[in-house]
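To start, the structure under review is shown below, and the notes come after it.
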Amino acid sequence: MKKTLIFLALYSGSLLQSQTNRFTYELQYRENASQQYTTTLMNLDINPGSVKFYDKSFADYDEKNKKTNQPTSRYSTKTDQVVERKPGSFKNSWYRDFFDYFVVTTNDEMKWLITQETKEYNGYKLQKATTDFGGRNWNAWFSNDVNIQEGPYKFRGLPGLIFILEDADQNFLYKLINNEKFNTNYDTKDFVETHYGKPAIPITNDKFNKYIKDLYQNPTRIFSEKIKAGEKQTFKNESIESVEELNKKKEMLQNGIKSRYIYIEKDKKPEFN
8 MKKTLIFLAL YSGSLLQSQT NRFTYELQYR ENASQQYTTT LMNLDINPGS
58 VKFYDKSFAD YDEKNKKTNQ PTSRYSTKTD QVVERKPGSF KNSWYRDFFD
108 YFVVTTNDEM KWLITQETKE YNGYKLQKAT TDFGGRNWNA WFSNDVNIQE
158 GPYKFRGLPG LIFILEDADQ NFLYKLINNE KFNTNYDTKD FVETHYGKPA
208 IPITNDKFNK YIKDLYQNPT RIFSEKIKAG EKQTFKNESI ESVEELNKKK
258 EMLQNGIKSR YIYIEKDKKP EFN
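In my numbering, each number is its position in the sequence shown, counted from 1, plus 7.
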């Protein structure tokens, strides 16, 4: 069968200096089987000195800003899966966008069980491996034909590139759909290392969860300060001009905080009272 994914980076050595090899995955995710899937695209950028995984829309907005030379279009992650690491490393910088911008350093070494089960995908022979991570059981399908030991999000360390990744309950499904190569190292400083100039604040996951839970308990605090300063706030196209009006939106804001992300690492998920 002819391979329908054309990989420009089938190589036995390292990437050339100052090049980005980008793999795009389709991600379908949901909280549980009672929900419909949300579908989005994610980029895995492999550079000589770094590996980055993030929502593809970041790069789309970035390209738009570069073409217009007006960096006004911004995007916030919908997945909470923005990570960066060194090639060959399980130590990740996990960037968290929740009003402020944070970075959590995590060590995510995975123990894989490689099975003899195989299947075909777009002309590639894939082999199955399993692991436990983030409170979920995972199945990965990798190709020995692509000598890149990386994959979506924090998943890596197999003898080849991960093409398909899914948890046992099929609440997170990744499928590799495209590959492209850039002649230069694609610059992500505006949306990975910083959030459009806002530097990432180092924090632990426990402290990040405490920050979210504190917001949940008093969700109007940030917005009330802005209203008192004379700024109007808009929620679902409704303009809020007074603290009294804002206080009526407390439950809506709390629901938004609780449901903002479907946490891939459910063992790190904040618990709301």
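C-beta: ideal position from N, C-alpha, C; glycine also.
- In this structure, the beta-carbon distance from ILE169 to PHE179 does not fall below 7 Å.
- DSSP places PHE170 in the uninterrupted beta strand (DSSP E) bounded by 168-174.
- If only complete runs of 3 or more residues are kept, the region 145-232 shows the beta strand (DSSP E) at 168-174 and 179-189, in order along the chain.
- For GLU127, there is no enclosing alpha helix (DSSP H); the residue is part of the beta strand (DSSP E) that begins and ends at 120-128.
- At the C-beta level, THR27 and ASN151 stay beyond 7 Å of one another.
- Residue state for THR75 is assigned as helix, using DSSP reduced to three classes.
- Secondary structure of SER64 (DSSP, three-state): helix.
- The way I'd put it, the region 191-208 does touch the region 69-82; three or more beta-carbon pairs between them come closer than 8 Å.
- Burial check for ASN99: the Cβ neighbour count within 10 Å reaches 16 or more, so the residue is buried.
- Here the C-alpha atom of ASN185 lies approximately 13 Å from the C-alpha atom of GLY158.
- With fewer than 16 other Cβ atoms from the protein chains shown falling within 10 Å of its own Cβ, GLY142 counts as exposed.
- For SER266, no beta strand (DSSP E) segment is defined; the enclosing uninterrupted segment is the alpha helix (DSSP H) at 257-266.
- Taking the CA atoms as reference points, THR84 sits about 11 Å from PHE60.
- For ASN54, there is no enclosing alpha helix (DSSP H), as DSSP gives it neither H nor E.
- For ASN280, there is no enclosing alpha helix (DSSP H), as DSSP marks it with neither H nor E.
- Restricting attention to TYR270, LYS255, LYS182 and ASP104, the CA atom closest to the CA of SER231 is found in LYS255.
- For ASN99, the enclosing beta strand (DSSP E) has its first and last residue at 98-105.
- Between TRP119 and LEU133, the C-beta gap is not smaller than 7 Å, which leaves the two residues out of contact.
- Residue state for LYS273 is assigned as helix, using DSSP reduced to three classes.
- Restricting attention to GLY164, THR137 and ASN54, the CA atom closest to the CA of GLY95 is found in GLY164.
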